[in-house]
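Visitor: In UniProt numbering, the protein residues as written are 1 to 113.
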């Protein structure tokens, strides 16, 4: 039993140390990514851009723009267009978040998992 430690060889210990370093880099990158996402403005559209909804990269609603050209369409149509623009902005922000997280975590491997 003496000299066996915790069953980790020096090679495994180095892999684990490297994995922890990479995890720290990811954590630091995640903080930076959070700040970048908060500063982003992602646009969703409906009716060829007559209705636009803007979300931050964190999916926080920022603003809505409605062209005067659609105001005469009635509340129900306008409501549907706003909802469609929101869905578009949400889909784009989700894709952006997923893509940025994949970039951040690429190459991260933890030994034994």
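Just so you know, even glycine gets a beta-carbon here, dropped at the ideal spot from N, CA and C.
Give the range of the beta strand (DSSP E) segment to which residue 46 is assigned.
Guide: Translated into the one-based positions of the chain shown, residue 46 becomes position 46. 42-46 is the span of the beta strand (DSSP E), which, as asked, contains residue 46.
Visitor: Give me the Cα-Cα distance between residue 35 and residue 10, rounded to the nearest whole angstrom.
Guide: For the purposes of this step, residue 35 is taken as residue 35 along the chain shown, with counting starting at 1. For the purposes of this step, residue 10 is taken as residue 10 along the chain shown, with counting starting at 1. For residue 35 and residue 10, the distance between alpha carbons rounds to 38 Å.
Visitor: With a 10 Å radius around its C-beta and 16 neighbouring C-beta atoms as the bar for buried, classify residue 57 as buried or exposed.
Guide: Reading the chain shown from its first residue, position 57 is the one you call residue 57. The residue is buried, with at least 16 neighbouring Cβ atoms inside 10 Å.
Visitor: Is residue 89 closer than 9 Å to residue 49 when the C-beta atoms are compared?
Guide: Against the chain shown, residue 49 aligns to sequence position 49. Against the chain shown, residue 89 aligns to sequence position 89. Going by C-beta atoms, residue 49 is not nearer than 9 Å to residue 89.
Visitor: Going by C-alpha distance, which of 91, 19, 40 and 27 is nearest residue 62?
Guide: Here residue 62 refers to the residue found at position 62 when the chain shown is read from its first residue. Cα-wise, what sits closest to residue 62 is 40.
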